[in-house]
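Comments concern the structure below.
Residue numbers (the working numbering): 27 to 181.
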């Protein structure tokens, strides 16, 4: 007897709608109370929930970047380097860090690593086809614990 699990196609049906694929994924600061600039050690996106599958990689960019703290430092697999926005305190609201993939892909989870004292209170994970119109995929509170990860799951 042949048993097939998770069959898609051949008349099988998926549960729920298929999540859209996006070319651009970003984290955006929604709340910030520290008197410093926002810093992120690492930003990663994954094709499966629970940070599963092979990490999706692309080119990093940001709304602003301090000298020597460019966006590429947040996707270099090193907790010793980081991206830093040029703004301070509440002016960090709206700052973002983006990964542009080589081609559109479905990302189901993401995470970023905190730089203590330079952490956002609330962060949105968003996706876009054109880097103009964005869809919020999840929102999470930040943490002030150095090198802690903040995880997102697509809603």
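The beta carbon of each residue, even a glycine, is placed where N, CA and C say it ideally should be.
It should be emphasised that the depicted structure is a prediction, and the values quoted were computed from it without experimental measurement.
- Contact between residue 125 and residue 86 holds, with the beta-carbon distance rounding to 6 Å and staying under 8 Å.
- Beta-bridge annotation (DSSP): residue 69 is paired with 138.
- Taking each of 158, 73 and 46 in turn and checking the Cα distance to residue 122, the smallest one comes out for 158.
- Per DSSP, the unbroken beta strand (DSSP E) holding residue 53 starts and ends at 48-57.
- Rounded to the nearest angstrom, the gap between the Cα atoms of residue 77 and residue 136 is 6 Å.
- Contact between residue 48 and residue 155 holds: CB atoms are separated by about 6 Å, below the 8 Å threshold.
- For residue 94 and residue 143, the gap between their C-alpha atoms comes out near 19 Å.
- Shown here, residue 177 sits in a strand according to DSSP, grouped into three states.
- Per DSSP, residue 122 is one residue of the beta strand (DSSP E) stretching across 122-131.
- Residue 133 is positioned such that its CB atom lies no closer than 9 Å to that of residue 56.
- The shortest CA-to-CA distance from residue 61 to any of 150, 177, 168 and 146 is the one to 146.
- Distance between residue 164 and residue 175, taken at the CA atoms: about 15 Å.
- With a contact defined as Cβ atoms closer than 8 Å, residue 67 and residue 105 qualify at about 5 Å.
- Look at residue 119 here: in three-state DSSP terms it is coil, with no helix or strand label.
- Per DSSP, residue 170 lies in no beta strand (DSSP E) segment and is marked neither H nor E.
- When the beta-carbon positions are compared, residue 58 and residue 101 stay at least 9 Å from each other.
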